[in-house]
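Chemist:
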Amino acid sequence: MHQACEFARLCKAGDVAEGQAIKIEKNGLTLAVFNIQGEYFVTNDTCTHGPGSLSEGYIDGDVVECDFHNGSFNIKTGEVVAPPCMIPLKTYKTHVEDGEVAIEIDSE
Numbered sequence: 111m112h113q114a115c116e117f118a119r120l121c122k123a124g125d126v127a128e129g130q131a132i133k134i135e136k137n138g139l140t141l142a143v144f145n146i147q148g149e150y151f152v153t154n155d156t157c158t159h160g161p162g163s164l165s166e167g168y169i170d171g172d173v174v175e176c177d178f179h180n181g182s183f184n185i186k187t188g189e190v191v192a193p194p195c196m197i198p199l200k201t202y203k204t205h206v207e208d209g210e211v212a213i214e215i216d217s218e
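Okay, so the sequence shown: first residue is 111 according to our numbering, each after it adds one.
#1: Does the Cβ-Cβ distance between asparagine 154 and leucine 199 come in under 8 Å?
#2: What does lysine 136 pair with, by DSSP beta-bridge criteria?
#3: Secondary structure at aspartate 125, three-state DSSP: helix, strand or coil?
#4: Closer than 8 Å is the cut-off here; do at least three beta carbon pairs connect the region 131-146 with the region 159-169?
#5: For the beta strand (DSSP E) containing threonine 204, list its first residue and its last residue.
#6: Helix, strand or coil, according to DSSP, for glutamate 166 in the structure here?
#7: Going by C-alpha to C-alpha distance, which of Thr187, Glu189, Cys157 and Val173 sits closest to histidine 179?
#8: In whole angstroms, what separates the C-alpha of aspartate 177 from that of proline 161?
#9: Counting Cβ pairs closer than 8 Å, one from the region 126-137 and one from the region 188-197, do we hit at least three?
#10: Counting only the same chain and skipping the five closest in sequence on each side, list residues whose C-beta sits under 8 Å from that of glycine 148.
#11: Spatial neighbours of leucine 164 within its chain, please: CB distance less than 8 Å, with the 5 preceding and 5 following residues excluded, ordered by chain position.
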């Protein structure tokens, strides 16, 4: 058996300018919502290496650089791109429907 999924609406698509990110707190999670060339991606906002906020980081294409220690992640996959980060970033399956960005969350 597989778990059922629910959708958590995060923001309006228009709230996130292209090439930018915003921080959203929802359901006990602190998330970064990225707009990369009109596609939306959602990751945990906190860097896996330290307390840096990725929504406040430097975005270059599909890579975000944390402003705390300059580690980098691929926004689409969560994979580490540059040290000192070693642990991949959690990403979420993202949907845009009726102009709103939402993520899938496991329901218990």
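Idealized CB from N, CA, C, for every residue including glycine.
Modeler: So, to answer that:
#1: Taking the sequence shown and counting its residues from 1, the one referred to as residue 154 is at position 44. Taking the sequence shown and counting its residues from 1, the one referred to as residue 199 is at position 89. In contact: asparagine 154 and leucine 199 (Cβ atoms closer than 8 Å).
#2: Here residue 136 is taken as the residue at index 26 of the sequence shown, counted from 1. Looking at the DSSP output, lysine 136 bridges to Leu139.
#3: Your numbering for residue 125 matches position 15 in the sequence shown. The answer is helix: DSSP assigns aspartate 125 an H, G or I state.
#4: Touching, per the Cβ criterion.
#5: Within the sequence shown, residue 204 is the residue found at index 94, counting from 1. That run of the beta strand (DSSP E) goes 204-207.
#6: By 1-based counting over the sequence shown, the position of residue 166 is 56. Helix, per DSSP.
#7: The sequence position of residue 179 within the sequence shown is 69, counting from 1. Answer by Cα proximity: Cys157.
#8: Indexing the sequence shown from 1 puts residue 177 at position 67. Indexing the sequence shown from 1 puts residue 161 at position 51. Distance between aspartate 177 and proline 161, taken at the CA atoms: about 10 Å.
#9: Too few Cβ pairs lie closer than 8 Å, so no.
#10: The residue labelled residue 148 in the question sits at position 38 within the sequence shown. Closer than 8 Å at the Cβ level, and outside the excluded window around glycine 148, lie Glu128.
#11: One-based indexing of the sequence shown puts residue 164 at position 54. Short of 8 Å from the beta carbon of leucine 164, and not among the five residues preceding or following it, lie these beta carbons of its own chain, in chain order: Ala131, Ala142, Thr153, Asn154, Asp155, Thr156, Cys157, Val174, Cys176, Phe183 and Leu199.
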